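What follows is one structure encoded as structure tokens, with my remarks underneath.
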Amino acid sequence: MDFGLVLQTDPPGSAVVGLMRRAERNGFRYGWTFDSAVLWQEPFVIYSRILEHTRKLIVGPMVTNPGTRTWEVTASTFATLNDMYGNRTVCGIGRGDSAMRVAGRKPNTLARLGEAIDVIRDLAEGREAVVDGSPIRIPWVRNGKLPVWMAAYGPKALALAGRKADGFILQLADPFLTEWMIKSVRKAAEEAGRDPASVTICVAAPAYVGDDLAQAREQCRWFGGMVGNHVADLVSRYGEHSGLVPEALTAYIKAREGYDYRHHGRAGNPSTDFVPDEIVDRFCLLGPPSAHVARLEALRDLGVDQFAVYAMHDAKETTIDAYGSRIIPALTP
Numbered sequence: 180m181d182f183g184l185v186l187q188t189d190p191p192g193s194a195v196v197g198l199m200r201r202a203e204r205n206g207f208r209y210g211w212t213f214d215s216a217v218l219w220q221e222p223f224v225i226y227s228r229i230l231e232h233t234r235k236l237i238v239g240p241m242v243t244n245p246g247t248r249t250w251e252v253t254a255s256t257f258a259t260l261n262d263m264y265g266n267r268t269v270c271g272i273g274r275g276d277s278a279m280r281v282a283g284r285k286p287n288t289l290a291r292l293g294e295a296i297d298v299i300r301d302l303a304e305g306r307e308a309v310v311d312g313s314p315i316r317i318p319w320v321r322n323g324k325l326p327v328w329m330a331a332y333g334p335k336a337l338a339l340a341g342r343k344a345d346g347f348i349l350q351l352a353d354p355f356l357t358e359w360m361i362k363s364v365r366k367a368a369e370e371a372g373r374d375p376a377s378v379t380i381c382v383a384a385p386a387y388v389g390d391d392l393a394q395a396r397e398q399c400r401w402f403g404g405m406v407g408n409h410v411a412d413l414v415s416r417y418g419e420h421s422g423l424v425p426e427a428l429t430a431y432i433k434a435r436e437g438y439d440y441r442h443h444g445r446a447g448n449p450s451t452d453f454v455p456d457e458i459v460d461r462f463c464l465l466g467p468p469s470a471h472v473a474r475l476e477a478l479r480d481l482g483v484d485q486f487a488v489y490a491m492h493d494a495k496e497t498t499i500d501a502y503g504s505r506i507i508p509a510l511t512p
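As numbered in this note's numbering, residues 180 to 512 make up the sequence shown, in order.
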């Protein structure tokens with residue numbers, strides 16, 4: 180199993196670079212960041228520094244979207260980083276939640292997202308693609324490689340990930356829901372004539388190492404609110420009792436009243452009072468190292484290839500170090 184670290188690009192950028200260096204020293208292979216231009220600093224600028232100050236770490240957004248930047252700009256940015264540092268990027272992409280809504284726009288449609296996945300990958304790898312009706316190719320790309328991993332929750336999005344994406348990003352660590360979603364992605368891949376095993380499975384969730392569960396829950400409760408945004412979209416699209424989305428995912432948002440993106444992804448988010456302890460425990464990894472290892476072994480047995488640690492809490496360094504000393508060694512050969 181691979182491990183990744185997920186951070187927000189809060190200033191100063193040097194602190195993000197420092198934490199990513201610390202992660203690589205502790206055995207993490209991927210460095211991810213949020214991507215919302217209004218809420219945080221521009222991640223691609225910071226990626227250049229991370230790549231310069233690490234040896235093998237693979238970096239990318241969790242997640243970008245098709246609307247914030249034009250597709251040729253996104254592809255060229257990845258291709259430039261790859262040309263400078265040797266194909267060490269990955270493109271995580273989704274419809275766009277915080278990045279689009281904070282700017283007063285709606286998230287992209289799945290149809291547009293599916294088209295963007297193909298175009299960004301083709302352009303970044305040196306192939307011609309059609310952008311807004313015009314054929315384009317980036318002529319200076321040589322031996323470019325850009326895996327595109329898609330974030331998804333609902334049945335249509337899961338099917339799209341299975342048909343088109345190189346990897347699937349699931350932002351929660353509940354084994355029941357993980358199993359259901361992996362099966363959906365792999366079924367769609369098989370129906371599209373792809374090898375289901377070729378789709379990399381990445382689970383991303385907060386991890387907090389320590390014996391004080393009350394403290395850990397309060398530091399990670401924000402995550403239930405963030406996931407709740409996506410769940411609310413699913414309920415509005417499919418209905419609460421459609422049978423298309425498990426009730427284990429939708430039931431907890433009944434008390435949800437709204438969401439303030441000024442506190443998005445942050446401990447102490449006031450928009451997450453509706454999130455019960457049960458959801459925090461199910462969606463996140465909390466407790467001593469042994470509890471983390473047990474949950475990760477269960478996820479690995481379900482087919483998860485990477486666990487990406489959301490470290491938006493008050494114990495970033497200690498969590499990174501605990502994973503490096505006690506948890507990653509237990510999950511890697």
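Built from N, CA and C at the ideal position, the CB exists for glycine as well. None of the values given here were measured: they were computed from a predicted structure.
Once the 5 residues before and after R228 are set aside, which same chain residues still bring their CB inside 7 Å of it? On the sequence shown, residue 228 is found 49 positions in, with the first residue counted as 1. Cβ neighbours of R228 beyond the five flanking positions: G192 and V196.
CB V378 to CB A368, shorter than 8 Å? Taking the sequence shown and counting its residues from 1, one reaches residue 378 at position 199. Taking the sequence shown and counting its residues from 1, one reaches residue 368 at position 189. It is a contact, given that the beta carbons lie within the stated cut-off.
Ordered list of alpha helix (DSSP H) runs contained in the region 235-304, each at least 4 residues: 250-264, 277-281 and 289-303
Could you please give me the residues that DSSP links to W139 through a beta bridge? In the structure as shown, the chain begins at 180 and stops at 512. Residue 139 is therefore absent and cannot be evaluated.
Over the uninterrupted alpha helix (DSSP H) stretch that includes L475, give me the two end residues. The residue you call residue 475 lines up with position 296 of the sequence shown. Run containing L475: P468 to D480, per the alpha helix (DSSP H) assignment.
With a threshold of 16 other CB atoms inside 10 Å of the CB of E496, please say whether the residue is buried or exposed. Position 317 of the sequence shown, counting from 1, holds the residue named residue 496. Flag for E496 reads exposed.
Between the alpha carbons of V298 and V309, how many angstroms are there, rounded? As a first step, residue 298 must be located in the sequence shown, where it is residue number 119. As a first step, residue 309 must be located in the sequence shown, where it is residue number 130. In a straight line, the C-alpha of V298 is about 7 Å away from that of V309.
Check whether the Cβ atoms of M180 and D484 lie closer than 8 Å to each other. Stepping through the sequence shown from its first residue, residue 180 is reached at position 1. Stepping through the sequence shown from its first residue, residue 484 is reached at position 305. Yes, the Cβ-Cβ distance between M180 and D484 is below 8 Å.
Contact between the region 361-375 and the region 331-346 (3+ Cβ pairs under 8 Å): yes
Considering just the uninterrupted stretch of the alpha helix (DSSP H) at P592, what are its terminal residues? Missing from the structure shown is residue 592; the chain here goes from 180 to 512 and no further.
From the beta carbon of C399, is the nearest beta carbon of chain C less than 8 Å away? Annotation note: the requested chain C is absent from the structure, which comprises a single protein chain.
With H, G and I counted as helix, E and B as strand and the rest as coil, what does DSSP make of D181? By one-based count along the sequence shown, residue 181 stands at place 2. Reduced to three states, the DSSP call for D181 is strand.
For the pair the region 472-488 and the region 382-393, tell me if three or more CB-CB distances fall below 8 Å. yes
At 4 residues or longer, and completely inside the region 350-395: list those alpha helix (DSSP H) runs for me, N to C. 354-370
Using 8 Å for Cβ pairs, my map puts D390 next to P467. What's the rounded Cβ distance? Sequence index remark: in the sequence shown, residue 390 carries index 211 (1-based). Sequence index remark: in the sequence shown, residue 467 carries index 288 (1-based). That belief holds up - the Cβ atoms of D390 and P467 are roughly 6 Å apart, short of 8 Å.
Cutting at 6 Å between CB atoms, please list the residues of its own chain near A303, excluding the five before and the five after it. As a position in the sequence shown, residue 303 is number 124, starting the count at 1. Hits under 6 Å: A254, F257, A258, G323 and L325.
From what residue to what residue does the alpha helix (DSSP H) around I499 run? Here the question's residue 499 lines up with position 320 in the sequence shown. K495 to A501 is the extent of the alpha helix (DSSP H) around I499.
Can you tell me whether R400 is buried or exposed, with buried defined as 16 or more other CB within 10 angstroms of its CB? As a first step, residue 400 is located in the sequence shown; it is residue number 221 there, counting from the start. Its Cβ being crowded by 16 or more others within 10 Å, R400 is buried.
Those residues which DSSP pairs with V310 across a bridge: For the purposes of this step, residue 310 is taken as the residue at position 131 of the sequence shown. S313, per the DSSP bridge assignment.
Have a look at L218 and A278 and give me their C-alpha separation to the nearest angstrom. Here the question's residue 218 lines up with position 39 in the sequence shown. Here the question's residue 278 lines up with position 99 in the sequence shown. Roughly 8 Å separates the two Cα atoms.
Applying the criterion that 16 or more other CB atoms from any shown protein chain within 10 Å of the CB defines a buried residue, is R316 buried or exposed? For the purposes of this step, residue 316 is taken as residue 137 along the sequence shown, with counting starting at 1. Its Cβ having fewer than 16 others within 10 Å, R316 is exposed.
On the DSSP letters alone, give me the boundaries of the alpha helix (DSSP H) that V483 sits inside. One-based indexing of the sequence shown puts residue 483 at position 304. From DSSP, V483 is part of no alpha helix (DSSP H); its letter is neither H nor E.
Answer with buried or exposed for P425, where buried requires no fewer than 16 other C-beta atoms within 10 angstroms of its C-beta. The residue you call residue 425 lines up with position 246 of the sequence shown. Exposed: under 16 other Cβ atoms inside 10 Å.
With 16 other CB atoms within 10 Å as the buried threshold, where does W250 fall? Sequence index remark: in the sequence shown, residue 250 carries index 71 (1-based). It counts as buried.
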